[in-house]
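*Asks:* Before I ask anything, here is the structure I am working with.
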Amino acid sequence: MELSLHRLRMLRELSRRGTVTAAAASLHYTASAVSQQLAQLERDVGAKLFERFGRRVQLTELGLLLTEHAEEILGSVERATLALEEAQETVSVRLMAGVWASVASGLLPNALAVLAGEHPGIQVRTRELAPEDTADAVRDGELDLSFVIDYSDAPMPWDAGLERAVIAVERLHAAVPAGAVPAGSASLLELAEHPWILASPKSHFGRAVRTACHRHGFEPKINHEVEEQSTAMAMVRAGLGVTLVSDLGLGLRPPGIDVVALTTPLLRTVSIAYRTTSSRRQALQLVIEAVRNAAAALGLGTEPALP
């Protein structure tokens, strides 16, 4: 019997997700392709591995047994890959990183330029995802690393199978139409009378800002829901409301808006998440170092904002 690593990954995702459709989405395949590969895996094994109950799938006892071994096999393959990389005299590897807009524009250009000069064998490819999705993509093996964020008012749940390296601690600032707040600083409560431009409560950023506003005793009047800080600031420039923006987001600031410091600081910690099995990966550590140095060059330290 020969077991395909490709099909074992699909079985593992089926076990984690519960439906063929969800497993296919996480692996970036069509549901029919995953169904065909799982059917072939059953033929390879010579036994039924799962049963369908409506849209959901339940693994048989043999399916559960094979899934347990699949975790060990796939983990061994990753560890073998790491060992081979570490044994090489020069670092040569391709890494896939999950990013979002302000990180991609504010940190990566300088970090990757330095990395290319000092370690040309390391190739970093990026995929833009919502910050809420990047950690799961690392856990599931779609990414080697990802940028993740924690807000002082809304810590992120953490997966025990992942580690994180703090890259920078940012402050959030109020972005307001020119002249709307004459003083150079303001409390969140002083901004309560203004219309707001804010990300949806489904996003980590949107939840964190709403939580901070509630803590200061008011419900923000949100006239416009947009996800990107650059879009929100463009709307601020048009006089449509106020928003909050991070240190890195300020690099996307258009002319014609004022940036006002918050009297009670709101912080967010930017980290890089990676699987615990990758903790010794030399190339990964070099990427982390390069990004930390890029953040430091912008004046951003690494003192954690959260316990």
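Residue numbers for the sequence shown follow the numbering used here, so the first one is 6 and each next one is one higher. We put the CB at the ideal spot given by N, CA and C, even for glycine.
Look up Q63 in the DSSP assignment and give the residues it is bridged to.
*Replies:* One-based indexing of the sequence shown puts residue 63 at position 58. The partner list for Q63 (beta bridge, DSSP) reads E56.
*Asks:* I need the DSSP call for E94, collapsed to helix, strand or coil.
*Replies:* Looking up residue 94 in the sequence shown gives position 89. Low per-residue confidence applies at E94: pLDDT is 48, beneath 50, and the placement is therefore not dependable, though the value from the model is reported in the following sentence. Correct three-state label for E94: coil.
*Asks:* Taking V275 as part of the beta strand (DSSP E), name the residues at either end of that continuous run.
*Replies:* Walking along the sequence shown from the start, residue 275 turns up at place 270. Run containing V275: 272-280, per the beta strand (DSSP E) assignment.
*Asks:* According to DSSP, is M6 helix, strand or coil?
*Replies:* Position 1 of the sequence shown, counted from the start, is the residue given in the question as residue 6. DSSP places M6 in coil when its eight states are reduced to three.
*Asks:* Could you give the distance in angstroms between the alpha-carbon of P312 and the alpha-carbon of A36?
*Replies:* Position 307 of the sequence shown holds residue 312. Position 31 of the sequence shown holds residue 36. Note that P312 has pLDDT 41, beneath the 50 cutoff, so the model's placement of it is unreliable and no number is given.
*Asks:* Given that a residue counts as buried once 16 or more other Cβ atoms are within 10 Å of its Cβ, and exposed if not, what is Q234?
*Replies:* Numbered from its first residue, the sequence shown carries residue 234 at position 229. Q234 is buried by the Cβ-count criterion.
*Asks:* Compute the Euclidean distance between the alpha carbons of A85 and L79, then round it to the nearest angstrom.
*Replies:* Here the question's residue 85 lines up with position 80 in the sequence shown. Here the question's residue 79 lines up with position 74 in the sequence shown. C-alpha separation (whole angstroms): 10 Å.
*Asks:* Measuring straight from C-alpha to C-alpha, what distance separates V186 and V264?
*Replies:* Position 181 of the sequence shown, counted from the first residue, corresponds to residue 186. Position 259 of the sequence shown, counted from the first residue, corresponds to residue 264. Rounded to whole angstroms, the gap between the alpha carbons of V186 and V264 is 9 Å.
*Asks:* Kindly indicate the opening and closing residues of the alpha helix (DSSP H) around P136.
*Replies:* Translated into positions along the sequence shown, residue 136 becomes position 131. Taken as a continuous stretch (DSSP letters only), the alpha helix (DSSP H) holding P136 covers 136-144.
*Asks:* Under DSSP, the alpha helix (DSSP H) around V292 begins and ends at which residues?
*Replies:* Looking up residue 292 in the sequence shown gives position 287. In the DSSP assignment, V292 falls within the unbroken alpha helix (DSSP H) covering 287-302.
*Asks:* Decide yes or no for the touch test of the region 142-161 against the region 199-210: beta carbon pairs closer than 8 Å, at least 3 of them.
*Replies:* Touching, yes, given that three or more Cβ pairs across the two stretches are closer than 8 Å.
*Asks:* Please classify F55: is it buried, with 16 or more other beta-carbons within 10 angstroms of its beta-carbon, or exposed?
*Replies:* Taking the sequence shown and counting its residues from 1, the one referred to as residue 55 is at position 50. Buried, by the Cβ-count rule.
*Asks:* Spatial neighbours of G254 within its chain, please: CB distance less than 6 Å, with the 5 preceding and 5 following residues excluded, ordered by chain position.
*Replies:* The count along the sequence shown starts at 1 and reaches residue 254 at position 249. Excluding residues within five positions, the ones whose Cβ falls inside 6 Å are S107, Q234.
*Asks:* Given this structure, state the Cα-to-Cα distance separating A295 from E198, to the nearest angstrom.
*Replies:* By one-based count along the sequence shown, residue 295 stands at place 290. By one-based count along the sequence shown, residue 198 stands at place 193. Using only the alpha carbons, I get a separation of about 42 Å.
*Asks:* Taking DSSP's pairing of strands, which residues face G267 in a bridge?
*Replies:* Looking up residue 267 in the sequence shown gives position 262. In the sequence on display, residue 267 carries Leu and not Gly. For L267, which the question treats as bridged, DSSP gives the partners A191.
*Asks:* Between the Cα of V82 and those of S9, I154, F223, spot the shortest distance and give me the residue it belongs to.
*Replies:* As a working note, residue 82 is residue 77 in the sequence shown. Nearest C-alpha to V82: S9.
*Asks:* Evaluate the contact criterion for the region 127-137 versus the region 176-192: three or more CB pairs, one atom per stretch, below 8 Å.
*Replies:* In the pairwise beta carbon analysis, the region 127-137 is classified as not touching the region 176-192: fewer than three pairs are separated by under 8 Å.
*Asks:* Could you tell me the boundaries of the alpha helix (DSSP H) in which S235 lies?
*Replies:* Sequence index remark: in the sequence shown, residue 235 carries index 230 (1-based). It spans 234-242 - the alpha helix (DSSP H) in which S235 sits, taken as one unbroken run.
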